[in-house]
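So the structure is just underneath, and the comments pick up after that.
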Amino acid sequence: MYTSLLDTLVAESFFSPMRSVYVVSDSQLEEIKLKQRKEELDKLEASRKRLEATYQSRIKIIDEREHELQEELKALTPAENKPGESTKETKNCAVKA
Numbered sequence: 000m001y002t003s004l005l006d007t008l009v010a011e012s013f014f015s016p017m018r019s020v021y022v023v024s025d026s027q028l029e030e031i032k033l034k035q036r037k038e039e040l041d042k043l044e045a046s047r048k049r050l051e052a053t054y055q056s057r058i059k060i061i062d063e064r065e066h067e068l069q070e071e072l073k074a075l076t077p078a079e080n081k082p083g084e085s086t087k088e089t090k091n092c093a094v095k096a
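Positions 0 to 96 (numbering that gives the first Met the number 0) are the ones given, in order, by the sequence shown.
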């Protein structure tokens, strides 16, 4: 009913998939490494381009929002008196000591 650990080990070793082993020359190994490094470099360059594009997009959005806020602040701040103008409200608000 119960199988021993040894039975399980032996049964699994016979039915487990075999790993493939490839034998290549030193020159072939260097070519493979070179190809892998070029692929990695290409991926890094593509990643950098995507990152820079995303960064520029975000900067544009931030600049637009900053401009909108500056315009809103200009609209919300009271207009300053022009030179030569006098207002009665300013004179009436003076505190007498």
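Note that CB positions come from ideal geometry on N, CA and C, so glycine has one too.
This one's a predicted model, so the numbers in the text were calculated from it and none came from an experiment.
Could you name each continuous beta strand (DSSP E) segment of 3 residues or more that falls completely within the segment 2-70, going from the start of the chain to the end?
-> DSSP runs (the beta strand (DSSP E)) wholly in the segment 2-70: none.
Can you tell me whether DSSP reads residue 78 as helix, strand or coil?
-> coil
Measure the alpha-carbon distance for residue 75 versus residue 53 and round it to whole angstroms.
-> The alpha-carbon atoms of residue 75 and residue 53 are separated by roughly 33 Å.
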